[in-house]
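Read in order, the letters of the sequence shown are residues 0 to 377 in numbering that gives the first Met the number 0.
The C-beta atom is built at its ideal place from N, Cα and C for all residues, glycine as well.
All figures in this text were calculated on a predicted structure; none of them were measured in a lab.
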Amino acid sequence: MTRYTQLKDLDHKLDIIDHVNQDHSEQLLAIAQHQHPDQRIASARLSNVVHEGIEIIVYIEDNHCRESTETIFVAFDIDGDLEEKILYLAYAAVVQQGRDFSGTGKRFFEVTNKQNITTNMVRLTVKSSTPLPEHYPGYACAFVLKTLNKVPKKAALSVRQKPRLKQLFDQFFIWLVKRLSSSKRQQLLSRINHNIRLYTLRKVWSLPPENPVREYGYIDIFTHDNSPGSQWVKELTVGNIIVSRSETEDQHRHLNCGHALLIADETAYPALAGILECWQNPIPPQVIVISTDQAEQPYFSDEQLRACSKYHRLVCPPTEQGQRVIGLVQQLTNIDVVWGALESSAAKSVRHYLRNERGITGRNNHTKGYWHLSKSSK
0 MTRYTQLKDL DHKLDIIDHV NQDHSEQLLA IAQHQHPDQR IASARLSNVV HEGIEIIVYI
60 EDNHCRESTE TIFVAFDIDG DLEEKILYLA YAAVVQQGRD FSGTGKRFFE VTNKQNITTN
120 MVRLTVKSST PLPEHYPGYA CAFVLKTLNK VPKKAALSVR QKPRLKQLFD QFFIWLVKRL
180 SSSKRQQLLS RINHNIRLYT LRKVWSLPPE NPVREYGYID IFTHDNSPGS QWVKELTVGN
240 IIVSRSETED QHRHLNCGHA LLIADETAYP ALAGILECWQ NPIPPQVIVI STDQAEQPYF
300 SDEQLRACSK YHRLVCPPTE QGQRVIGLVQ QLTNIDVVWG ALESSAAKSV RHYLRNERGI
360 TGRNNHTKGY WHLSKSSK
């Protein structure tokens, strides 16, 4: 029996397991399918992480739709931190299956209106020639920080099948990443993502079929200092075409039952607003709304928040987010499930408190960092 090296930091291991299971289920499924290409794998769940690899529980369906489980071990292919190793396994599996690991492909939007709804929150009204997701709360697009004058004619074509050249590039990219040192790999990925920013759809709606362009939406962007994203938003005007290269769906189905706590700073206001707007749990949530400046708090009116069982407005510097949020949470009695999005270090502190002191674990504790304080001014 092979003996593996266990991770000493249990909280870090659980953070990785929860993050992968909550936000990267598709990539995890790709790894499992690559390991067992001849089996019909319905889903997969990460159960353990060691220094040498990961343990995955796979759920397999037979021809009679009967489900069985199997535990597989997948060894790491590269050196680096644990997140890098796991993502590389996923990317390599997807590329070797001939699929695209860069998301659902490009989407083009035309800016039809732009307005400030708080001092630093800018709302873009956009239209799209392709369908937008019906369930929009927390749905985010990775925008390229540039503008186009005209939508390319190929934009409406299916992006499911990649051209041969793109397949070759992806295969070369995986080959290159495997051979780079961890520091060089980080530099490469940083350069690739230098002009990419993830922004959340605040709301989407469709016009009647007789309209030539039916899909519309709001994108609310929190601007700050002279960051590249803020400068990009500042220069946008009506008629500009903007493009996203990939998309990601937030996971919050666990909020549909039990006593829920929602936590958000300015970067997560659009996601929180969407979740509240589409609330399905018969029990109203408890909400903590964080901002650095009091001027951002009116994004949520008191009338909006009165539908919550309790709400707290917290104004503090980002460096105090974790400590101040934990102080508020300590006063709350009934908490079964949590969704939170705030500064990364603060999110880590809150997540660990909820797990270790309040017993809220796994998918019920979806508290994550939306941004890093050390990188906020880059």
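Using 8 Å for Cβ pairs, my map puts Asp-76 next to Ala-91. What's the rounded Cβ distance? Taking the sequence shown and counting its residues from 1, one reaches residue 76 at position 77. Taking the sequence shown and counting its residues from 1, one reaches residue 91 at position 92. Contact holds; Cβ gap of about 7 Å.
Taking the C-alpha atoms as reference points, what is the distance between Ile-71 and Glu-60? Start at 1 with the first residue of the sequence shown, and residue 71 comes out as number 72. Start at 1 with the first residue of the sequence shown, and residue 60 comes out as number 61. Between Ile-71 and Glu-60, the C-alpha separation is close to 16 Å.
Could you tell me the boundaries of the alpha helix (DSSP H) in which Trp-278 lies? Here residue 278 corresponds to residue number 279 of the sequence shown, with the count starting at 1. Here Trp-278 belongs to no alpha helix (DSSP H), and DSSP marks it neither H nor E.
Whose CA, out of Glu-66, Phe-107, Ala-41, Val-93, lies closest to the CA of Val-242? As a first step, residue 242 is located in the sequence shown; it is residue number 243 there, counting from the start. Here the closest residue by C-alpha is Phe-107.
Counting pairs of Cβ atoms below 8 Å between the region 129-140 and the region 247-254, do you hit three or more? yes
With distances taken from CA atoms, which of Gln-21, Trp-204, Tyr-268, Ala-294 is nearest Thr-129? Taking the sequence shown and counting its residues from 1, one reaches residue 129 at position 130. The residue with the shortest Cα to Cα distance from Thr-129 is Trp-204.
Which residue from Gln-303, Arg-357, Glu-214, Leu-304 puts its Cα closest to that of Gln-333? By one-based count along the sequence shown, residue 333 stands at place 334. Per the sequence presented here, residue 333 reads as Asn, with Gln not at that position. Among Gln-303, Arg-357, Glu-214, Leu-304, the Cα nearest to that of Asn-333 belongs to Arg-357.
Can you list, in chain order, the stretches of the beta strand (DSSP E) that have 3 or more residues and sit fully within the region 24-72? 39-49, 52-60
Residues near Thr-266 in its chain [Cβ-Cβ closer than 6 Å; skip 5 each side]: Residue numbering aside, residue 266 sits at position 267 when the sequence shown is read from its first letter. Only Phe-221, Tyr-369, Trp-370 meet the Cβ criterion.
Are the region 272-285 and the region 223-231 in contact at 8 Å, needing three or more beta carbon pairs? no
Test item: CB-CB of Leu-88 and Ile-30 under 8 Å: Residue mapping note: residue 88 aligns to position 89 of the sequence shown, counting from 1. Residue mapping note: residue 30 aligns to position 31 of the sequence shown, counting from 1. Result yes, Cβ atoms of Leu-88 and Ile-30 sit closer than 8 Å.
For Val-212, I'd like the list of residues in its chain whose CB is within less than 7 Å of its CB, leaving aside the five on either flank, ordered along the chain. On the sequence shown, residue 212 is found 213 positions in, with the first residue counted as 1. Same-chain partners within the cutoff: Lys-126, Ser-128.
For Val-19, which residues from the same chain have a beta carbon less than 7 Å from its beta carbon, with the 5 sequence-adjacent residues on both sides left out? Translated into positions along the sequence shown, residue 19 becomes position 20. Closer than 7 Å at the Cβ level, and outside the excluded window around Val-19, lie Leu-27, Leu-45, Ile-85.
Is Arg-305 helix, strand or coil when you go by DSSP? Residue 305 sits at position 306 when you count from the first residue of the sequence shown. Note: Arg-305 maps to coil in three-state DSSP.
Taking the Cβ atom as the reference point for each residue, do Trp-278 and Leu-144 lie within a distance shorter than 8 Å? In the sequence shown, counting from the first residue as 1, residue 278 sits at position 279. In the sequence shown, counting from the first residue as 1, residue 144 sits at position 145. Their beta carbons are not under 8 Å apart, which means Trp-278 does not touch Leu-144 by this criterion.
Since Leu-331 is in the alpha helix (DSSP H), which residue starts that stretch and which ends it? Position 332 of the sequence shown holds residue 331. Note, Leu-331: premise wrong, no alpha helix (DSSP H); not H, not E.
Do Gln-327 and Leu-313 have their C-beta atoms closer together than 8 Å? Within the sequence shown, residue 327 is the residue found at index 328, counting from 1. Within the sequence shown, residue 313 is the residue found at index 314, counting from 1. First, the amino acid is wrong: residue 327 is Leu here, not Gln. A contact, by the Cβ cut-off of 8 Å.
Let's test the definition: count the other Cβ atoms within 10 Å of the Cβ of Lys-377 and tell me whether it reaches 16, buried, or not, exposed. Taking the sequence shown and counting its residues from 1, the one referred to as residue 377 is at position 378. Any reading at Lys-377 must be qualified, since the residue scores a pLDDT of 37, below 50, and its modelled position is unreliable; no value is offered.
Can you give the Cα-Cα distance for Lys-12 and Leu-260, rounded to whole angstroms? Reading the sequence shown from its first residue, position 13 is the one you call residue 12. Reading the sequence shown from its first residue, position 261 is the one you call residue 260. Computed Cα separation, rounded: 24 Å.
State the beta-bridge partners of Ile-287 as determined by DSSP. Residue numbering aside, residue 287 sits at position 288 when the sequence shown is read from its first letter. In DSSP, Ile-287 forms a bridge with Ile-262, His-311.
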